[in-house]
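Residue numbers (the working numbering), protein chains in the order written: chain Z, 1 to 396; chain G, 1 to 396.
2 protein chains.
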Amino acid sequence: MTVTLADVAARAGVSPATVSRVLSGNYPVAEATRARVLRAVDDLDYVVNGPASALAAANSDLVGILVNDIADPFFGIMAGAIQSEMGPAVPPAADAWGPGQAPGGPQGRVATGPAGPAPAAEKLAVVCNTNGSPERELTYLTLLQRQRAAAVVLTGSAADGPEHTERLAAKVARLVAAGTRVVLCGRPPVAGALALTFDNRGGARRLTEHLLTLGHRRVGYIAGPAERTTTRHRLEGHLAALAAHGLPAQAPGTQAPGTQPGGAPAAAPEPPPLVVHGAYDRASGYDAACELLRREPGITALVAANDTVALGACAALRDMGLSIPRDVSVTGFDDLPFSADAAPALSTVRLPLYEAGARAGRLALGREAPPPGGVAMIRAELMIRDSTAPPPAPGR
Amino acid sequence: MTVTLADVAARAGVSPATVSRVLSGNYPVAEATRARVLRAVDDLDYVVNGPASALAAANSDLVGILVNDIADPFFGIMAGAIQSEMGPAVPPAADAWGPGQAPGGPQGRVATGPAGPAPAAEKLAVVCNTNGSPERELTYLTLLQRQRAAAVVLTGSAADGPEHTERLAAKVARLVAAGTRVVLCGRPPVAGALALTFDNRGGARRLTEHLLTLGHRRVGYIAGPAERTTTRHRLEGHLAALAAHGLPAQAPGTQAPGTQPGGAPAAAPEPPPLVVHGAYDRASGYDAACELLRREPGITALVAANDTVALGACAALRDMGLSIPRDVSVTGFDDLPFSADAAPALSTVRLPLYEAGARAGRLALGREAPPPGGVAMIRAELMIRDSTAPPPAPGR
DNA sequence: CTGTTAGCGCCTTCAG
DNA sequence: CTGAAGGCGCTAACAG
Numbered sequence: 001m002t003v004t005l006a007d008v009a010a011r012a013g014v015s016p017a018t019v020s021r022v023l024s025g026n027y028p029v030a031e032a033t034r035a036r037v038l039r040a041v042d043d044l045d046y047v048v049n050g051p052a053s054a055l056a057a058a059n060s061d062l063v064g065i066l067v068n069d070i071a072d073p074f075f076g077i078m079a080g081a082i083q084s085e086m087g088p089a090v091p092p093a094a095d096a097w098g099p100g101q102a103p104g105g106p107q108g109r110v111a112t113g114p115a116g117p118a119p120a121a122e123k124l125a126v127v128c129n130t131n132g133s134p135e136r137e138l139t140y141l142t143l144l145q146r147q148r149a150a151a152v153v154l155t156g157s158a159a160d161g162p163e164h165t166e167r168l169a170a171k172v173a174r175l176v177a178a179g180t181r182v183v184l185c186g187r188p189p190v191a192g193a194l195a196l197t198f199d200n201r202g203g204a205r206r207l208t209e210h211l212l213t214l215g216h217r218r219v220g221y222i223a224g225p226a227e228r229t230t231t232r233h234r235l236e237g238h239l240a241a242l243a244a245h246g247l248p249a250q251a252p253g254t255q256a257p258g259t260q261p262g263g264a265p266a267a268a269p270e271p272p273p274l275v276v277h278g279a280y281d282r283a284s285g286y287d288a289a290c291e292l293l294r295r296e297p298g299i300t301a302l303v304a305a306n307d308t309v310a311l312g313a314c315a316a317l318r319d320m321g322l323s324i325p326r327d328v329s330v331t332g333f334d335d336l337p338f339s340a341d342a343a344p345a346l347s348t349v350r351l352p353l354y355e356a357g358a359r360a361g362r363l364a365l366g367r368e369a370p371p372p373g374g375v376a377m378i379r380a381e382l383m384i385r386d387s388t389a390p391p392p393a394p395g396r
Numbered sequence: 001m002t003v004t005l006a007d008v009a010a011r012a013g014v015s016p017a018t019v020s021r022v023l024s025g026n027y028p029v030a031e032a033t034r035a036r037v038l039r040a041v042d043d044l045d046y047v048v049n050g051p052a053s054a055l056a057a058a059n060s061d062l063v064g065i066l067v068n069d070i071a072d073p074f075f076g077i078m079a080g081a082i083q084s085e086m087g088p089a090v091p092p093a094a095d096a097w098g099p100g101q102a103p104g105g106p107q108g109r110v111a112t113g114p115a116g117p118a119p120a121a122e123k124l125a126v127v128c129n130t131n132g133s134p135e136r137e138l139t140y141l142t143l144l145q146r147q148r149a150a151a152v153v154l155t156g157s158a159a160d161g162p163e164h165t166e167r168l169a170a171k172v173a174r175l176v177a178a179g180t181r182v183v184l185c186g187r188p189p190v191a192g193a194l195a196l197t198f199d200n201r202g203g204a205r206r207l208t209e210h211l212l213t214l215g216h217r218r219v220g221y222i223a224g225p226a227e228r229t230t231t232r233h234r235l236e237g238h239l240a241a242l243a244a245h246g247l248p249a250q251a252p253g254t255q256a257p258g259t260q261p262g263g264a265p266a267a268a269p270e271p272p273p274l275v276v277h278g279a280y281d282r283a284s285g286y287d288a289a290c291e292l293l294r295r296e297p298g299i300t301a302l303v304a305a306n307d308t309v310a311l312g313a314c315a316a317l318r319d320m321g322l323s324i325p326r327d328v329s330v331t332g333f334d335d336l337p338f339s340a341d342a343a344p345a346l347s348t349v350r351l352p353l354y355e356a357g358a359r360a361g362r363l364a365l366g367r368e369a370p371p372p373g374g375v376a377m378i379r380a381e382l383m384i385r386d387s388t389a390p391p392p393a394p395g396r
């Protein structure tokens with residue numbers, strides 16, 4: 001039914017081994033036969049049988065990319081960047097043969113010789129959507145392990161909590177043991193894997209400091225899902241900034257520093273916490289903003305877990321008749337493309353998603369030297385735009 | 001090094017064939033042995049060798065999803081929907097799985113332990129980013145063919161033009177011949193493949209009609225990349241609406257119907273066309289809006305190729321000090337999540353991206369009967385919101 | 001129900 | 001430089 005390597009060999013009048021050698025290009029073959037084989041391949045429309053080749057060679061050209069939400073540009077940008085690095089081989093005289101793409105130039109890559117490690121073939125970069133489910137994450141990892149994937153890149157926040165962390169670590173260990181390279185991008189490190197982690201804590205801290213410096217004292221925080229590492233880290237940064245200014249995390253008003261949170265239960269009504277958790281989406285931002293302003297109408301600034309959430313919060317504020325940033329300042333996180341276009345342009349923290357993804361891709365292919373210790377921290381950059389300003393005058 | 005099926009067989013004291021049978025679950029096995037095998041699998045942390053199994057069975061559980069831009073929610077939503085249908089099996093206990101739909105015996109693998117080790121059957125849905133390059137599209141198709149993918153879903157607009165159309169058709173034919181199911185989602189049909197096409201022409205036409213009905217007569221059109229089918233179809237719909245109202249496509253002002261475009265070359269200066277092409281992104285929308293208003297300051301409405309482009313146009317208008325929709329109305333297309341949140345909320349055409357993607361996923365797995373003729377047209381729904389209104393009074 | 005027997009298509013020594 | 005031979009790990013008929 002389907003044409004095999006043997007068919008090509010017959011057509012070209014050579015042995016299967018020779019065809020194999022021509023195709024994988026990692027072994028000297030006479031230019032004449034080489035051409036003959038290539039033509040036969042073309043004539044027959046031959047396409048290598050991946051499974052068979054993977055079985056025999058004990059490796060495949062599959063590279064898996066796991067994302068939490070494929071509909072979110074945050075992941076789309078990283079995934080796209082990772083894939084962009086999976087192209088055919090290295091810089092010079094790119095030899096992208098492939099069954100179908102005949103010998104590029106007259107002599108293709110003949111004289112090039114081993115310009116590097118090996119004319120690495122094109123990788124099949126593939127993205128898998130976990131939908132934020134730790135369960136599905138593990139499942140995909142197993143599926144990828146099954147395929148003997150060459151590498152796996154896990155992006156975005158991980159599920160927080162010991163059990164999953166442990167199960168993931170075990171899985172990663174097995175993958176690595178099986179020869180699969182594992183890279184984490186925008187995630188906390190895991191033993192055995194290379195990691196590019198974002199400075200979520202630092203970015204969040206500087207963002208809140210920016211607000212405090214402007215004079216804000218009643219700052220609401222719209223956090224992401226409670227069980228995610230990124231959520232926790234950003235919140236920690238925020239709280240650290242607050243603490244550094246002597247502001248108790250949940251103080252609703254201008255409370256004196258040092259006030260112990262667990263105060264009198266009945267006499268003085270417990271101050272409502274100014275942190276609300278929700279999903280990383282626009283609707284959550286909207287709802288959370290409403291909730292926070294209900295709890296504490298005196299809020300003058302809202303820090304959102306990410307840009308999408310921030311936009312939802314802006315919409316809520318608008319609907320309440322509040323002006324941004326005159327009445328309330330709002331900040332996001334990530335600096336996704338649309339943030340600069342929002343009205344008003346969002347003050348946020350820029351994460352170099354594309355650059356980080358590209359680097360992760362290179363690491364996954366072993367095309368770049370791993371950072372010392374296997375872990376690198378990616379800096380976040382403050383982007384101050386138009387959604388933040390000093391709070392309204394006290395007696396507004 | 002790695003544990004194989006034979007190891008498991010030995011550990012369980014059965015033959016490899018038996019292990020294979022319990023793992024694929026498509027053959028009766030005594031409950032006792034079955035349990036023994038499962039335990040051995042678990043003890044040894046065994047994971048099937050995908051390539052080997054694919055080779056032997058002549059099929060794999062890979063399903064490819066091709067998208068033009070993975071960072072664009074338009075594709076992310078469809079891809080996510082498609083993947084959501086690739087789950088383990090169907091709704092009830094019914095276990096429709098295996099390389100082909102196994103008999104799903106009376107109690108198949110019911111009594112299995114806790115979420116068995118490798119409940120298999122799960123398809124590995126995988127998305128590939130072509131970045132809008134016809135070349136890469138073909139390459140990915142080859143890569144997927146190499147892997148003997150079970151199915152392939154191509155989403156979004158196709159490259160327009162005979163050569164690519166033909167090459168694609170040939171590739172699709174080969175894939176289908178090799179047993180891979182091919183589904184098109186949001187694309188024009190291709191022989192041999194099932195297709196779910198969006199009513200881009202109709203949607204665009206109704207959108208422009210909406211504007212004309214409001215009283216607009218000088219309508220600018222911001223089109224997508226010229227060489228894409230979706231671009232062409234939407235533009236055709238727009239022009240059809242214009243023509244139906246007796247408005248020449250490129251008339252800059254209130255021109256009398258019937259005026260022949262190719263008029264006097266020097267005497268009467270050629271009216272500037274009111275259509276500008278650009279990428280499907282926000283920056284293009286911004287630039288195109290500027291360009292159109294430069295060409296024809298009297299424009300009272302801007303029709304954008306999609307929502308993202310429309311938002312860019314809105315930003316441009318805002319920067320020019322124009323109010324939406326008081327001075328200029330703006331429309332989008334697709335109805336992506338953020339469109340309803342824009343300020344003002346965007347009038348657009350809703351494409352049921354998620355539903356279409358889910359259906360495409362089911363078709364790809366053969367879980368749903370194909371539409372008659374293999375092609376189904378997906379209706380687009382007009383969503384009138386706040387970015388459109390009657391044009392300003394004549395003598396504004 | 002379970003074991004046995006052949007390959008699936010390709011890569012990879014090992015000769016020539 | 002090229003051919004011949006063995007086996008990668010698993011599944012799919014056939015026996016029993």
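Quick reminder that beta carbons are idealized off the backbone N, C-alpha and C, glycines included. Keep in mind it's a predicted model, so treat the numbers as computed, not measured.
Let me know if residue i comes out buried or exposed under the rule of 16 or more other beta-carbons within 10 Å of its beta-carbon.
i	result
M78/Z	buried
H210/G	buried
M86/Z	buried
D334/G	buried
N129/Z	buried
N26/Z	exposed
D43/Z	exposed
According to DSSP, what are the bridge partners of residue i?
i	result
M78/Z	For M78/Z, which the question treats as bridged, DSSP gives no partner whatsoever.
D334/Z	R350/Z
T155/G	C185/G
N129/Z	V67/Z
L382/G	V349/G
M377/G	T197/G
R228/Z	A159/Z
S329/Z	A301/Z
Can you tell me whether DSSP reads residue i as helix, strand or coil?
i	result
Y46/G	coil
A195/Z	strand
H277/G	strand
L62/G	strand
A304/G	strand
A223/G	strand
T18/Z	helix
S84/Z	helix
L124/Z	strand
S284/G	helix
Can you find a C-beta in chain G that's less than 7 Å from the C-beta of residue i?
i	result
D341/Z	yes
G285/Z	no
T180/Z	no
L124/Z	yes
A305/Z	no
I82/Z	no
P391/Z	no
Using a Cβ-Cβ cut-off of 7 Å, state whether residue i counts as contacting chain Z.
i	result
V47/G	yes
A54/G	yes
N129/G	yes
V172/G	no
I77/G	yes
V22/G	no
R146/G	yes
Practice item. Determine contact between the segment 62-73 of chain G and the segment 136-152 of chain G, defined as no fewer than three beta-carbon pairs at a distance below 8 Å. Key: yes
Check your understanding: Is the number of C-beta pairs between the segment 352-360 of chain G and the segment 312-332 of chain G that are closer than 8 Å three or more?
Key -> no
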